[in-house]
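Report on the following structure.
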Amino acid sequence: MIKHLRVGLAPWALALGLGLGWLPAMHAAGACRQLPSGAMPLKFAGPELVPVYDAKFNLYTPAVYALDLSASAPRLSYAGVRRLKGSLTKSFFAGRDELPLKAVFGRSSEFNLDPRSDETTPWDILSGNEVLRKADLELSLHDGYIKYLITTDCPAEGLAYWDPQTPQVPFSRVDKDGVPHFSVTIDGVALDAVLSTMQARSTITPKAAARIPTAAGSAPAHGQMRFGLLAIGTMQSRQGYLDIAEHAPAAELVLGDEFLRAYRILLSRHQDKLYLSYQSGPSFPQAGAITYWMEHQAESGDGAAQFAMWQRLTAGARSIGKTTATGWLERAAVSKDVAASVERARQARSQGHWQESQTQLRAAIKARPNEPLLWLDLYLSTRPGGDAAAAVDALRAARKDHEDAMWPHPVGAYFLGDIGLDDMLRAAARSPESAHERSCAARRYAAEFLALSGSADESARQDAMYRSECAPRTAQASAPAAG
(Lines of atoms letter the chains of each structure in order from A; the text may use other names.)
(Lines give C-alpha, C1' and ligand atoms only; values in the text may rest on other atoms or scores of the structure.)
Protein backbone atom coordinates (compact mmCIF):
# COMPACT_ATOMS: atom_id res chain seq x y z
CA MET A 40 0.00 0.00 0.00
CA ILE A 41 1.32 3.42 -0.93
CA LYS A 42 1.23 6.21 1.63
CA HIS A 43 0.79 9.65 0.10
CA LEU A 44 2.11 12.43 2.38
CA ARG A 45 1.95 16.10 1.59
CA VAL A 46 4.81 18.51 2.24
CA GLY A 47 5.64 21.87 0.71
CA LEU A 48 8.92 22.77 -0.98
CA ALA A 49 10.10 26.17 -2.14
CA PRO A 50 9.50 26.63 -5.90
CA TRP A 51 13.15 27.51 -6.51
CA ALA A 52 14.20 24.19 -5.00
CA LEU A 53 11.84 22.40 -7.33
CA ALA A 54 12.86 24.38 -10.39
CA LEU A 55 16.55 23.76 -9.98
CA GLY A 56 16.41 20.41 -8.23
CA LEU A 57 17.99 21.76 -5.04
CA GLY A 58 17.40 20.71 -1.48
CA LEU A 59 15.82 17.36 -2.32
CA GLY A 60 18.52 14.92 -1.25
CA TRP A 61 17.57 14.73 2.42
CA LEU A 62 13.91 13.80 1.93
CA PRO A 63 14.20 10.02 1.39
CA ALA A 64 16.03 9.72 4.71
CA MET A 65 12.76 10.61 6.47
CA HIS A 66 11.25 7.20 5.61
CA ALA A 67 11.74 3.84 7.18
CA ALA A 68 13.08 1.24 4.76
CA GLY A 69 10.48 -1.01 3.14
CA ALA A 70 7.52 1.39 3.32
CA CYS A 71 6.25 2.59 -0.07
CA ARG A 72 5.60 6.32 0.23
CA GLN A 73 5.28 9.46 -1.87
CA LEU A 74 6.10 12.95 -0.65
CA PRO A 75 4.44 15.39 -3.05
CA SER A 76 5.35 19.06 -3.05
CA GLY A 77 2.77 21.78 -3.35
CA ALA A 78 1.69 22.02 -6.99
CA MET A 79 3.11 24.89 -9.02
CA PRO A 80 0.53 26.52 -11.34
CA LEU A 81 1.34 26.79 -15.04
CA LYS A 82 0.75 29.67 -17.38
CA PHE A 83 0.91 29.52 -21.18
CA ALA A 84 3.04 32.11 -22.94
CA GLY A 85 4.18 33.20 -26.38
CA PRO A 86 2.75 32.37 -29.81
CA GLU A 87 3.23 28.62 -29.20
CA LEU A 88 1.51 28.82 -25.78
CA VAL A 89 4.50 27.26 -24.01
CA PRO A 90 3.78 26.11 -20.42
CA VAL A 91 5.75 28.24 -17.95
CA TYR A 92 5.76 28.85 -14.20
CA ASP A 93 7.10 31.46 -11.78
CA ALA A 94 9.98 30.57 -9.48
CA LYS A 95 13.16 32.09 -8.01
CA PHE A 96 16.50 32.31 -9.76
CA ASN A 97 19.56 32.08 -7.50
CA LEU A 98 17.19 31.94 -4.50
CA TYR A 99 15.97 35.52 -4.63
CA THR A 100 15.29 36.84 -8.15
CA PRO A 101 11.81 36.24 -9.64
CA ALA A 102 12.06 34.47 -12.99
CA VAL A 103 9.89 32.70 -15.53
CA TYR A 104 10.75 29.02 -15.94
CA ALA A 105 9.88 26.56 -18.68
CA LEU A 106 10.24 22.80 -18.29
CA ASP A 107 11.88 20.79 -21.10
CA LEU A 108 11.40 17.05 -20.61
CA SER A 109 13.73 16.36 -23.54
CA ALA A 110 16.69 18.34 -22.14
CA SER A 111 19.25 17.42 -19.51
CA ALA A 112 20.44 20.58 -17.76
CA PRO A 113 19.14 24.12 -17.07
CA ARG A 114 19.66 26.68 -19.84
CA LEU A 115 18.93 30.38 -20.11
CA SER A 116 17.25 32.25 -22.92
CA TYR A 117 18.88 35.32 -24.41
CA ALA A 118 15.94 37.36 -23.14
CA GLY A 119 16.43 35.82 -19.69
CA VAL A 120 20.07 36.87 -19.59
CA ARG A 121 19.00 40.46 -20.19
CA ARG A 122 16.09 40.40 -17.75
CA LEU A 123 18.20 38.75 -15.03
CA LYS A 124 21.14 41.14 -15.57
CA GLY A 125 23.66 38.57 -16.74
CA SER A 126 26.28 38.79 -19.47
CA LEU A 127 27.37 36.64 -22.41
CA THR A 128 30.82 35.22 -22.92
CA LYS A 129 30.65 35.75 -26.71
CA SER A 130 28.67 37.85 -29.16
CA PHE A 131 26.64 36.31 -31.95
CA PHE A 132 27.26 38.42 -35.01
CA ALA A 133 30.65 40.04 -35.25
CA GLY A 134 32.04 38.32 -38.33
CA ARG A 135 32.12 34.96 -36.52
CA ASP A 136 29.93 31.89 -36.80
CA GLU A 137 29.70 30.69 -33.22
CA LEU A 138 26.68 31.10 -31.00
CA PRO A 139 27.10 32.54 -27.50
CA LEU A 140 27.91 29.58 -25.31
CA LYS A 141 27.52 30.82 -21.77
CA ALA A 142 25.55 33.26 -19.65
CA VAL A 143 27.50 34.49 -16.63
CA PHE A 144 26.18 35.81 -13.31
CA GLY A 145 28.79 37.01 -10.86
CA ARG A 146 31.98 34.99 -10.50
CA SER A 147 30.70 31.46 -10.15
CA SER A 148 27.23 31.18 -11.65
CA GLU A 149 27.40 30.09 -15.31
CA PHE A 150 24.72 28.60 -17.55
CA ASN A 151 24.48 27.37 -21.12
CA LEU A 152 22.26 29.35 -23.45
CA ASP A 153 19.41 27.68 -25.26
CA PRO A 154 20.14 27.92 -29.01
CA ARG A 155 16.43 28.19 -29.86
CA SER A 156 15.94 31.35 -27.83
CA ASP A 157 15.93 34.98 -28.90
CA GLU A 158 14.71 38.31 -27.55
CA THR A 159 11.05 37.30 -27.93
CA THR A 160 11.37 34.09 -25.88
CA PRO A 161 8.66 34.19 -23.17
CA TRP A 162 10.71 32.38 -20.51
CA ASP A 163 13.96 33.16 -18.72
CA ILE A 164 15.22 29.72 -17.69
CA LEU A 165 14.69 26.29 -19.18
CA SER A 166 14.68 23.67 -16.43
CA GLY A 167 15.72 20.30 -17.84
CA ASN A 168 14.93 16.84 -16.55
CA GLU A 169 17.86 16.90 -14.11
CA VAL A 170 15.22 17.10 -11.37
CA LEU A 171 14.02 13.61 -12.37
CA ARG A 172 17.22 12.17 -10.93
CA LYS A 173 15.89 13.01 -7.47
CA ALA A 174 12.13 13.19 -7.85
CA ASP A 175 9.22 11.91 -9.91
CA LEU A 176 7.23 14.43 -11.92
CA GLU A 177 3.47 14.78 -12.19
CA LEU A 178 2.27 17.05 -14.98
CA SER A 179 -1.16 18.18 -16.17
CA LEU A 180 -1.34 20.84 -18.87
CA HIS A 181 -5.10 20.22 -18.87
CA ASP A 182 -5.43 21.41 -15.26
CA GLY A 183 -2.40 23.71 -15.42
CA TYR A 184 0.11 22.47 -12.84
CA ILE A 185 3.32 20.54 -12.25
CA LYS A 186 4.21 18.68 -9.08
CA TYR A 187 7.32 16.84 -7.94
CA LEU A 188 7.08 13.74 -5.77
CA ILE A 189 9.75 12.01 -3.71
CA THR A 190 9.07 8.27 -4.02
CA THR A 191 10.74 5.66 -1.82
CA ASP A 192 10.61 1.86 -1.62
CA CYS A 193 7.92 1.39 -4.30
CA PRO A 194 9.38 -1.18 -6.71
CA ALA A 195 6.02 -2.42 -8.06
CA GLU A 196 3.19 -0.37 -6.53
CA GLY A 197 1.05 1.82 -8.78
CA LEU A 198 2.21 5.41 -8.29
CA ALA A 199 -0.75 7.16 -9.94
CA TYR A 200 -2.49 7.81 -6.63
CA TRP A 201 -5.44 9.53 -8.35
CA ASP A 202 -6.47 6.38 -10.29
CA PRO A 203 -5.21 2.82 -9.61
CA GLN A 204 -6.20 1.83 -13.17
CA THR A 205 -3.90 4.37 -14.84
CA PRO A 206 -1.94 2.72 -17.69
CA GLN A 207 1.75 2.13 -16.95
CA VAL A 208 4.39 2.21 -19.70
CA PRO A 209 7.94 1.07 -18.90
CA PHE A 210 10.83 3.17 -20.18
CA SER A 211 12.67 1.35 -22.96
CA ARG A 212 15.82 3.24 -22.01
CA VAL A 213 17.11 6.41 -20.37
CA ASP A 214 19.73 8.12 -22.52
CA LYS A 215 22.99 9.63 -21.34
CA ASP A 216 21.30 13.02 -20.80
CA GLY A 217 18.70 11.43 -18.54
CA VAL A 218 15.88 11.69 -21.08
CA PRO A 219 13.42 8.79 -20.69
CA HIS A 220 12.40 6.92 -23.86
CA PHE A 221 9.42 4.60 -24.30
CA SER A 222 7.80 2.64 -27.09
CA VAL A 223 4.83 3.90 -29.13
CA THR A 224 3.08 1.86 -31.80
CA ILE A 225 1.53 3.58 -34.83
CA ASP A 226 -0.52 1.37 -37.13
CA GLY A 227 1.43 -1.64 -35.96
CA VAL A 228 4.90 -0.07 -36.27
CA ALA A 229 6.92 0.33 -33.04
CA LEU A 230 8.70 3.69 -32.63
CA ASP A 231 11.08 5.15 -30.07
CA ALA A 232 9.42 8.17 -28.39
CA VAL A 233 10.09 10.95 -25.91
CA LEU A 234 7.98 13.75 -24.39
CA SER A 235 8.62 17.45 -24.92
CA THR A 236 6.81 20.32 -23.23
CA MET A 237 8.72 22.76 -25.45
CA GLN A 238 7.24 21.52 -28.71
CA ALA A 239 3.74 22.70 -29.59
CA ARG A 240 2.87 19.70 -31.76
CA SER A 241 3.94 16.07 -31.93
CA THR A 242 6.44 15.30 -34.68
CA ILE A 243 7.64 12.16 -36.41
CA THR A 244 10.87 12.04 -38.42
CA PRO A 245 10.54 11.62 -42.21
CA LYS A 246 12.37 8.29 -42.02
CA ALA A 247 10.00 6.97 -39.38
CA ALA A 248 6.94 8.31 -41.23
CA ALA A 249 7.97 6.34 -44.29
CA ARG A 250 7.68 3.13 -42.25
CA ILE A 251 3.99 3.71 -41.44
CA PRO A 252 1.69 1.88 -43.88
CA THR A 253 -0.22 4.50 -45.85
CA ALA A 254 -3.29 2.25 -46.01
CA ALA A 255 -3.90 2.93 -42.31
CA GLY A 256 -4.14 6.68 -42.75
CA SER A 257 -3.12 9.06 -45.50
CA ALA A 258 0.15 9.35 -47.38
CA PRO A 259 2.57 11.85 -45.80
CA ALA A 260 2.11 15.21 -47.51
CA HIS A 261 2.62 18.88 -46.75
CA GLY A 262 4.64 18.11 -43.63
CA GLN A 263 1.77 16.24 -41.94
CA MET A 264 0.54 12.65 -41.85
CA ARG A 265 -2.64 11.00 -40.68
CA PHE A 266 -2.58 7.73 -38.75
CA GLY A 267 -5.21 5.16 -37.93
CA LEU A 268 -4.25 3.91 -34.46
CA LEU A 269 -1.56 5.08 -32.03
CA ALA A 270 -0.96 3.02 -28.88
CA ILE A 271 1.14 3.75 -25.80
CA GLY A 272 0.88 0.65 -23.67
CA THR A 273 -2.86 0.06 -23.25
CA MET A 274 -3.74 3.66 -24.12
CA GLN A 275 -5.05 4.04 -27.68
CA SER A 276 -5.75 7.08 -29.84
CA ARG A 277 -7.55 6.75 -33.18
CA GLN A 278 -7.47 8.92 -36.29
CA GLY A 279 -5.00 11.67 -35.50
CA TYR A 280 -2.33 13.81 -37.17
CA LEU A 281 1.43 14.12 -36.72
CA ASP A 282 3.80 16.73 -38.14
CA ILE A 283 6.63 15.30 -40.22
CA ALA A 284 9.88 17.02 -39.33
CA GLU A 285 13.38 16.43 -38.06
CA HIS A 286 13.61 17.33 -34.41
CA ALA A 287 16.35 17.92 -31.87
CA PRO A 288 15.65 15.00 -29.46
CA ALA A 289 17.24 11.76 -30.67
CA ALA A 290 13.97 9.84 -31.03
CA GLU A 291 11.70 8.84 -33.89
CA LEU A 292 8.64 10.44 -32.31
CA VAL A 293 8.31 13.47 -30.03
CA LEU A 294 4.98 13.86 -28.23
CA GLY A 295 4.38 17.57 -27.72
CA ASP A 296 2.02 19.90 -25.91
CA GLU A 297 -1.14 19.25 -27.93
CA PHE A 298 -0.84 15.59 -26.88
CA LEU A 299 0.01 16.49 -23.28
CA ARG A 300 -3.00 18.81 -23.08
CA ALA A 301 -5.22 15.72 -23.17
CA TYR A 302 -3.43 13.74 -20.43
CA ARG A 303 -2.28 13.75 -16.85
CA ILE A 304 1.12 12.08 -16.64
CA LEU A 305 3.57 10.92 -14.02
CA LEU A 306 7.20 10.31 -15.02
CA SER A 307 8.88 8.06 -12.46
CA ARG A 308 12.61 7.47 -12.52
CA HIS A 309 12.09 5.53 -9.29
CA GLN A 310 10.35 2.81 -11.31
CA ASP A 311 11.46 3.86 -14.82
CA LYS A 312 7.82 4.11 -15.90
CA LEU A 313 5.41 6.54 -17.50
CA TYR A 314 1.86 6.75 -16.11
CA LEU A 315 -0.74 8.50 -18.23
CA SER A 316 -4.46 9.15 -17.67
CA TYR A 317 -6.69 10.56 -20.40
CA GLN A 318 -8.54 13.72 -19.31
CA SER A 319 -10.32 15.28 -22.28
CA GLY A 320 -10.02 16.64 -25.79
CA PRO A 321 -8.28 15.45 -28.96
CA SER A 322 -4.83 13.91 -28.51
CA PHE A 323 -3.52 14.62 -32.02
CA PRO A 324 -5.56 17.37 -33.74
CA GLN A 325 -4.88 18.43 -37.30
CA ALA A 326 -2.24 21.13 -37.68
CA GLY A 327 -3.80 24.56 -37.26
CA ALA A 328 -7.11 23.30 -35.88
CA ILE A 329 -8.69 25.37 -33.15
CA THR A 330 -8.92 23.19 -30.07
CA TYR A 331 -11.35 23.69 -27.21
CA TRP A 332 -8.55 24.57 -24.77
CA MET A 333 -7.14 27.27 -27.04
CA GLU A 334 -10.54 28.89 -27.47
CA HIS A 335 -11.22 28.63 -23.72
CA GLN A 336 -7.86 30.22 -22.96
CA ALA A 337 -8.55 33.01 -25.44
CA GLU A 338 -12.01 33.64 -23.98
CA SER A 339 -10.45 33.90 -20.51
CA GLY A 340 -8.43 36.92 -21.66
CA ASP A 341 -5.07 35.40 -22.60
CA GLY A 342 -3.55 37.68 -25.24
CA ALA A 343 -1.23 35.02 -26.68
CA ALA A 344 -4.15 32.61 -27.15
CA GLN A 345 -6.24 35.40 -28.68
CA PHE A 346 -3.48 36.10 -31.19
CA ALA A 347 -3.24 32.36 -31.96
CA MET A 348 -6.99 32.35 -32.62
CA TRP A 349 -6.54 35.20 -35.12
CA GLN A 350 -3.71 33.32 -36.86
CA ARG A 351 -5.67 30.10 -37.23
CA LEU A 352 -8.95 31.69 -38.25
CA THR A 353 -7.12 33.80 -40.83
CA ALA A 354 -5.54 30.65 -42.26
CA GLY A 355 -8.93 28.96 -42.64
CA ALA A 356 -9.58 27.03 -39.41
CA ARG A 357 -13.08 26.90 -37.96
CA SER A 358 -14.22 28.00 -34.50
CA ILE A 359 -17.29 27.17 -32.47
CA GLY A 360 -17.40 30.75 -31.17
CA LYS A 361 -18.72 33.89 -32.82
CA THR A 362 -15.70 36.19 -32.55
CA THR A 363 -14.19 36.90 -35.99
CA ALA A 364 -10.49 36.76 -36.81
CA THR A 365 -10.34 40.57 -36.77
CA GLY A 366 -12.15 40.57 -33.44
CA TRP A 367 -9.56 38.23 -31.91
CA LEU A 368 -6.73 40.44 -33.18
CA GLU A 369 -8.36 43.48 -31.59
CA ARG A 370 -8.89 41.63 -28.32
CA ALA A 371 -5.25 40.45 -28.32
CA ALA A 372 -4.07 44.03 -28.81
CA VAL A 373 -6.27 45.19 -25.91
CA SER A 374 -4.65 42.41 -23.84
CA LYS A 375 -1.30 44.04 -24.70
CA ASP A 376 0.00 41.07 -26.67
CA VAL A 377 3.09 42.39 -28.47
CA ALA A 378 2.65 40.11 -31.50
CA ALA A 379 -0.85 41.50 -31.98
CA SER A 380 0.44 45.08 -31.82
CA VAL A 381 3.10 44.27 -34.41
CA GLU A 382 0.52 42.67 -36.72
CA ARG A 383 -1.78 45.67 -36.49
CA ALA A 384 1.19 47.93 -37.23
CA ARG A 385 2.08 45.84 -40.28
CA GLN A 386 -1.47 45.98 -41.55
CA ALA A 387 -1.52 49.76 -41.17
CA ARG A 388 1.86 50.01 -42.93
CA SER A 389 0.64 47.93 -45.86
CA GLN A 390 -2.18 50.43 -46.34
CA GLY A 391 0.15 53.43 -46.17
CA HIS A 392 -1.05 54.50 -42.73
CA TRP A 393 2.45 55.26 -41.51
CA GLN A 394 1.58 57.28 -38.41
CA GLU A 395 -0.91 54.71 -37.15
CA SER A 396 1.70 52.00 -37.67
CA GLN A 397 4.30 53.99 -35.75
CA THR A 398 1.87 54.61 -32.89
CA GLN A 399 1.19 50.89 -32.52
CA LEU A 400 4.89 50.04 -32.53
CA ARG A 401 5.94 52.77 -30.12
CA ALA A 402 3.34 51.53 -27.64
CA ALA A 403 4.71 48.00 -27.99
CA ILE A 404 8.29 49.24 -27.54
CA LYS A 405 7.27 51.08 -24.39
CA ALA A 406 5.95 47.79 -23.00
CA ARG A 407 8.86 45.64 -24.30
CA PRO A 408 11.90 47.90 -24.91
CA ASN A 409 14.35 44.98 -25.12
CA GLU A 410 12.79 43.37 -28.20
CA PRO A 411 14.77 44.52 -31.27
CA LEU A 412 12.21 42.97 -33.62
CA LEU A 413 10.01 45.92 -32.72
CA TRP A 414 12.72 48.36 -33.75
CA LEU A 415 13.02 46.66 -37.13
CA ASP A 416 9.32 47.16 -37.77
CA LEU A 417 9.47 50.74 -36.52
CA TYR A 418 12.24 51.40 -39.04
CA LEU A 419 10.10 50.03 -41.87
CA SER A 420 7.17 52.21 -40.74
CA THR A 421 9.24 55.36 -40.21
CA ARG A 422 11.54 55.34 -43.23
CA PRO A 423 8.86 55.95 -45.88
CA GLY A 424 6.44 57.79 -43.62
CA GLY A 425 8.73 60.20 -41.81
CA ASP A 426 12.34 61.30 -41.49
CA ALA A 427 14.38 58.58 -43.24
CA ALA A 428 17.66 59.77 -41.70
CA ALA A 429 16.14 59.72 -38.22
CA ALA A 430 14.84 56.20 -38.86
CA VAL A 431 18.37 55.04 -39.74
CA ASP A 432 19.82 56.71 -36.64
CA ALA A 433 17.19 55.14 -34.38
CA LEU A 434 17.80 51.68 -35.82
CA ARG A 435 21.57 52.04 -35.52
CA ALA A 436 21.20 53.06 -31.87
CA ALA A 437 18.88 50.13 -31.16
CA ARG A 438 21.29 47.75 -32.91
CA LYS A 439 24.14 49.01 -30.74
CA ASP A 440 22.04 48.34 -27.63
CA HIS A 441 21.59 44.75 -28.80
CA GLU A 442 24.93 44.14 -30.48
CA ASP A 443 25.35 40.77 -28.74
CA ALA A 444 21.89 39.62 -29.83
CA MET A 445 21.47 36.13 -31.21
CA TRP A 446 18.60 37.26 -33.40
CA PRO A 447 17.52 39.45 -35.24
CA HIS A 448 20.81 41.36 -35.19
CA PRO A 449 21.65 40.23 -38.79
CA VAL A 450 18.38 41.74 -40.10
CA GLY A 451 19.27 45.13 -38.63
CA ALA A 452 22.76 44.83 -40.10
CA TYR A 453 21.19 44.13 -43.50
CA PHE A 454 18.82 47.09 -43.25
CA LEU A 455 21.78 49.37 -42.48
CA GLY A 456 23.89 48.04 -45.34
CA ASP A 457 26.52 46.42 -43.14
CA ILE A 458 25.93 42.98 -44.69
CA GLY A 459 24.26 41.65 -47.82
CA LEU A 460 21.06 39.68 -48.31
CA ASP A 461 22.84 36.33 -48.61
CA ASP A 462 24.78 37.02 -45.40
CA MET A 463 21.54 37.71 -43.57
CA LEU A 464 19.89 34.54 -44.86
CA ARG A 465 22.92 32.45 -43.89
CA ALA A 466 22.83 33.93 -40.38
CA ALA A 467 19.12 33.19 -40.10
CA ALA A 468 19.72 29.52 -40.87
CA ARG A 469 22.68 29.18 -38.49
CA SER A 470 20.83 27.64 -35.55
CA PRO A 471 19.32 24.28 -36.66
CA GLU A 472 16.56 24.44 -34.05
CA SER A 473 15.33 27.85 -35.29
CA ALA A 474 16.45 27.85 -38.93
CA HIS A 475 13.00 27.57 -40.54
CA GLU A 476 11.31 30.18 -38.36
CA ARG A 477 14.15 32.69 -38.67
CA SER A 478 14.63 32.15 -42.39
CA CYS A 479 10.93 32.86 -42.91
CA ALA A 480 11.19 36.06 -40.86
CA ALA A 481 14.30 37.10 -42.79
CA ARG A 482 12.57 36.65 -46.16
CA ARG A 483 9.52 38.58 -45.02
CA TYR A 484 11.67 41.48 -43.78
CA ALA A 485 13.81 41.35 -46.94
CA ALA A 486 10.76 41.52 -49.22
CA GLU A 487 9.45 44.65 -47.51
CA PHE A 488 12.85 46.32 -47.25
CA LEU A 489 13.60 45.68 -50.93
CA ALA A 490 10.23 47.12 -51.93
CA LEU A 491 11.03 50.31 -50.00
CA SER A 492 14.45 50.41 -51.68
CA GLY A 493 12.97 50.24 -55.17
CA SER A 494 14.09 46.65 -55.93
CA ALA A 495 10.66 45.45 -57.00
CA ASP A 496 11.78 42.28 -58.79
CA GLU A 497 13.93 40.98 -55.94
CA SER A 498 11.24 41.98 -53.45
CA ALA A 499 8.70 39.92 -55.40
CA ARG A 500 11.10 36.96 -55.50
CA GLN A 501 11.66 37.01 -51.73
CA ASP A 502 7.94 37.42 -51.12
CA ALA A 503 7.14 34.43 -53.37
CA MET A 504 9.70 32.29 -51.54
CA TYR A 505 8.24 33.38 -48.20
CA ARG A 506 4.73 32.44 -49.29
CA SER A 507 5.75 29.05 -50.69
CA GLU A 508 8.06 28.02 -47.83
CA CYS A 509 6.34 29.63 -44.86
CA ALA A 510 2.59 29.32 -45.44
CA PRO A 511 0.88 28.19 -42.22
CA ARG A 512 -0.24 24.56 -42.13
CA THR A 513 -3.81 24.87 -40.97
CA ALA A 514 -6.80 22.54 -40.75
CA GLN A 515 -9.16 22.85 -43.70
CA ALA A 516 -12.09 25.15 -43.20
CA SER A 517 -14.40 22.27 -44.00
CA ALA A 518 -13.02 20.14 -41.17
CA PRO A 519 -14.95 20.07 -37.89
CA ALA A 520 -13.57 22.12 -35.04
CA ALA A 521 -11.28 19.95 -32.92
CA GLY A 522 -12.25 19.44 -29.31
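If you use my numbering, the sequence shown corresponds to residues 40 to 522, in order. Cβ atoms here follow ideal geometry from the backbone N, Cα and C, with glycine treated the same way.
DSSP lists L127, F150 as the bridge partner or partners of A142.
The beta carbon of Y184 sits closer than 7 Å to the beta carbons of A78, M79, P80, L81 from its chain, once the five residues preceding and following it are set aside; these are given in chain order. L98 sits exposed, since fewer than 16 C-beta atoms from the chains shown fall within 10 Å of its C-beta. Nearest C-alpha to K246 among I283, T224, A105: I283.
Runs of the beta strand (DSSP E) lying entirely within the stretch 201-288, each at least 3 residues long, are 207-209, 219-225, 228-234, 257-260, 263-271, 274-283 in chain order.
By a beta-carbon distance limit of 8 Å, A486 contacts S498. Their separation comes to about 5 Å. Fewer than three Cβ pairs drawn from the stretch 343-355 and the stretch 206-214 lie within less than 8 Å of each other, which leaves the two stretches out of contact. Taking a contact as a CB-CB distance under 8 Å, the pair L352 and A364 counts as one, their CB atoms being some 4 Å apart. DSSP places F96 outside any alpha helix (DSSP H); the residue lies instead in the beta strand (DSSP E), whose first and last residues are 89-96. Between the beta-carbon of G279 and that of F323 there is about 3 Å, and that keeps the pair under the 8 Å contact cut. If you draw a straight line from the Cα of L165 to the Cα of S494, it comes to about 42 Å.
Nearest to S316 by alpha-carbon distance, out of R308, Y302, Y453, is Y302. Bridge partners of A105 according to DSSP: V91, L165.
A direct Cα-Cα distance of roughly 6 Å separates L269 from D226.
Excluding sequence positions up to five before and after S148, its CB lies within less than 7 Å of the CB of N97, all in the same chain and listed in chain order. The C-beta of E410 has 16 or more other C-beta atoms within 10 Å across all chains shown, which makes the residue buried. V89 and M237 do touch by the CB rule: their CB atoms are close to 6 Å apart, below 8 Å.
In terms of CA proximity to P423, Q390 leads the group L115, Q390, A481, E196. Within 10 angstroms of the beta-carbon of R277 lie fewer than 16 other beta-carbons, which makes it exposed. Listed in chain order, the non-local C-beta contacts of S307 below 6 Å within the same chain comprise D175, L198, local neighbours out to five positions each way being set aside. Here W446 is buried. Its C-beta has 16 or more other C-beta atoms within 10 Å. Going by beta carbons, T190 and H309 fall inside the 7 Å limit. The criterion of a C-beta distance shorter than 7 Å is not satisfied by W393 and W367. A distance of 7 Å or more separates the beta carbons of L127 and F150. In the structure shown, the three-state DSSP call for Y187 is strand. Secondary structure of Q390 (DSSP, three-state): coil.
Apart from sequence neighbours up to five positions away, the residues of its chain that approach T242 with a beta-carbon distance below 6 Å are D282, A284, H286, V293, ordered along the chain.
If the five residues before and after D311 are omitted, its C-beta is found closer than 8 Å to the C-beta atoms of P209, F210, V213, P219, all from its own chain and listed in chain order.
The continuous stretches of alpha helix (DSSP H) do not include P75, which lies in the beta strand (DSSP E) extending over residues 72-75.
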